[in-house]
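K.L.:
The structure follows.
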Amino acid sequence: MQQTRRKGERRPIQKTARSTLHSLKLRRDYRADLPLIVSRFTGYRPPDVESPYEPLPFPPFTWLQKIPLRFEVWGFGWIGAFGGILLVEAIMSTSTAFRDIYHTPTIITSFGASAVLLFGVIESPVAQPRNFVLGHFISALVGTAITRLWVLNASYQGYLENTHFHPSTFINGGLSMATSLLAMLITGTAHPPAGATGLNAAVQSDVVTLSWRYLPTILASSLIMLGWALIINNVGRRRYPLHWWAPGATFVCAEEDSELEKAEEGEIEREEMEEGDLERESTAASGRLSQDGDKHGEVMQRPSSRRMSRASIEVEPASLESAIDASPGEFSNRRLSSSRERYWLD
């Protein structure tokens, strides 16, 4: 009964959440209104076009159709990784807030591993924008937050610079990295190189010095590399990203969404009707059980009534003797007549 009520209470919440998400979606994919030469850099391709896609319609990109696709992957992978790392290092090293105010390192080394995914295996789910940007940012946030607790010990920075063994450094490193992984798994933003981002926040002395300034550094580096990946990965016959948020998820209302929503509402109504039938059946069953209990009580009471009748029978002889004592003449005459009958019979 309680489970049924809880399910009934969840139905309005589910409907509200579904309608809210549906209202946030666009009526159609407006990227289709843009020129194809522009929309391709957002990862858009016409629905009726299959991979491998057409490159940019002018040389030298049109020449790519004359070489095997794997050579294109090798070449653009090298160009993409070189350009992505170069851009991040250049921006962090020039006269910007990152160098003059934050005093950030030239580059956070975990982005070297991210470059392998973003430019070498762009079809990987962990190389998509959501995993790349949020994975790095969440790991930096978790690693920095945990390290700030360890830095309350004024000697922690000295432990990092000292080569002698001290347990606080490696405990914090393992704790920060493992907790970063847990946060990525919970949020669905797993990105393998981001594990190093969380680890750097705990064991790299220059990163520990950055403190909370580590977060904008990571976010800026991620966006710089993502912008370059959107360009270099879409000039040829490949497509990036395959999705912005999750596989099969889109921010556009498909024509089938309304029919699917109606089908889901009908299924919910059927479930509610079935739950109502089950509730009525359980109520009827409980009523039958109570009636059976009453009948069982009556059966249990019958032996006591029988014992009472036997007691009354056992009392009858005592009442007979009292009747004889009350009228002895009448009973003596009956005895005399019965003795006479026995005499004549003899």
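Add 36 to a position in the sequence shown, counting from 1, and you land on the number used in my numbering. From the three backbone atoms N, C-alpha and C, an ideal C-beta is built for every residue, glycine too. This one's a predicted model, so the numbers in the text were calculated from it and none came from an experiment.
Report the rounded CA-to-CA distance for PRO228 versus THR319, giving the unit in angstroms.
P.N.:
Spanning the two alpha carbons is a distance of roughly 55 Å.
K.L.:
Is TRP281 helix, strand or coil when you go by DSSP?
P.N.:
Residue state, collapsed to three classes: coil.
K.L.:
Could you tell me the alpha carbon to alpha carbon distance between THR52 and ALA226, rounded to whole angstroms?
P.N.:
Approximately 29 Å, taken between the alpha carbons.
K.L.:
Just confirm the distance between the C-beta atoms of LEU259 and GLN164, as a whole number of angstroms; I'd bet it's less than 8 Å.
P.N.:
LEU259 to GLN164, Cβ: 15 Å. No contact.
K.L.:
On a Cα-Cα basis, can you pick out the residue from MET309, ILE115, GLY263 that is closest to GLY156?
P.N.:
Cα-wise, what sits closest to GLY156 is ILE115.
K.L.:
To the nearest whole angstrom, what separates the beta carbons of SER75 and ARG67, a pair I think is in contact under 8 Å?
P.N.:
Confirmed, about 4 Å.
K.L.:
Between the segment 110-129 and the segment 229-238, do at least 3 Cβ pairs fall closer than 8 Å?
P.N.:
No: fewer than three Cβ pairs fall under 8 Å.
K.L.:
At the level of alpha carbons, what is the spacing between MET344 and GLU307?
P.N.:
Note on MET344: pLDDT 48, under 50, position unreliable in the model; no value is reported.
K.L.:
Taking the continuous alpha helix (DSSP H) assigned at LEU153, which residues delimit it?
P.N.:
Start and end: 146-156.
K.L.:
Please say whether THR183 and LEU251 have beta carbons closer to each other than 8 Å?
P.N.:
Not in contact: LEU251 and THR183 (Cβ atoms no closer than 8 Å).
K.L.:
Rounded to a whole number of angstroms, what is the C-alpha to C-alpha distance between ASP69 and TRP248?
P.N.:
So the two alpha carbons sit approximately 41 Å from each other.
K.L.:
If you follow the alpha helix (DSSP H) that ASN236 is in, where does it begin and where does it stop?
P.N.:
Its alpha helix (DSSP H) spans residues 230-239.
K.L.:
Which class does ILE182 belong to by DSSP, given the choice of helix, strand or coil?
P.N.:
DSSP places ILE182 in helix when its eight states are reduced to three.
K.L.:
Tell me which residues share the same chain as ILE267 and place their Cβ nearer than 8 Å to its Cβ, disregarding the 5 neighbours each side in the sequence.
P.N.:
Only PHE77 meet the Cβ criterion.
K.L.:
I believe ALA238 touches ASN208 by the beta-carbon criterion, under 8 Å. Please report the beta-carbon distance rounded to the nearest angstrom.
P.N.:
With 8 Å as the limit, ALA238 and ASN208 qualify as a contact, their Cβ atoms being about 5 Å apart.
K.L.:
Kindly indicate the opening and closing residues of the alpha helix (DSSP H) around PRO203.
P.N.:
203-223 is the extent of the alpha helix (DSSP H) around PRO203.
K.L.:
Determine the closest residue to ASN270 out of LEU246, GLU108, ILE137, ALA149, with distance taken between C-alpha atoms.
P.N.:
It is GLU108 whose Cα lies nearest to the Cα of ASN270.
K.L.:
Sort ARG324, MET309, LEU262 by Cα distance to GLY79 and report the nearest one.
P.N.:
It is LEU262.
K.L.:
Could you tell me the distance, in whole angstroms, from the CA atom of VAL244 to the CA atom of PRO161?
P.N.:
Between VAL244 and PRO161, the C-alpha separation is close to 30 Å.
K.L.:
Assuming contact is defined by CB atoms lying nearer than 8 Å, are TRP264 and LEU123 in contact in what I supplied?
P.N.:
Yes, they are a contact pair.
K.L.:
I'd like the list of long-range same chain contacts for PHE173, defined as Cβ closer than 8 Å, with 5 residues on each side in sequence excluded.
P.N.:
Counting only Cβ-Cβ distances below 8 Å, and skipping sequence neighbours, we find LEU251, ILE254, LEU255, SER258.
K.L.:
Under a Cβ-count criterion, where at least 16 other Cβ atoms within 10 Å of its own Cβ denotes burial, should VAL178 be classed as buried or exposed?
P.N.:
Its Cβ being crowded by 16 or more others within 10 Å, VAL178 is buried.
K.L.:
Indicate whether SER216 and SER175 have their beta-carbon atoms separated by less than 8 Å.
P.N.:
Yes, the Cβ-Cβ distance between SER216 and SER175 is below 8 Å.
K.L.:
Where does PRO82 fall in DSSP's three states?
P.N.:
Reduced to three states, the DSSP call for PRO82 is coil.
K.L.:
Are the CB atoms of GLY171 and MET213 within a distance shorter than 8 Å?
P.N.:
Going by C-beta atoms, MET213 is not nearer than 8 Å to GLY171.
K.L.:
Distance check for ARG81 and PHE97, CA to CA, integer angstroms please.
P.N.:
Their Cα atoms are separated by approximately 17 Å.
K.L.:
Quick one: using the 10 Å Cβ neighbour count with 16 as the cut-off for buried, is LEU153 buried or exposed?
P.N.:
Counting Cβ neighbours within 10 Å, LEU153 comes out buried, since at least 16 surround it.
K.L.:
Comparing alpha-carbon positions, which option in GLY194, ILE143, LEU105 lies nearest GLY120?
P.N.:
The shortest Cα separation from GLY120 among GLY194, ILE143, LEU105 belongs to ILE143.
K.L.:
Using the Cα positions of ASP65 and PRO104, report the straight-line distance between them to the nearest angstrom.
P.N.:
The straight-line gap from Cα to Cα measures roughly 32 Å.
K.L.:
Around the C-beta of ALA117, are 16 or more other C-beta atoms found within 10 angstroms, so that it is buried, or is it exposed?
P.N.:
It is buried - the Cβ of ALA117 has at least 16 other Cβ atoms within 10 Å.
K.L.:
Hey, could you find the ends of the alpha helix (DSSP H) GLU108 is sitting in?
P.N.:
Residues 105-129.
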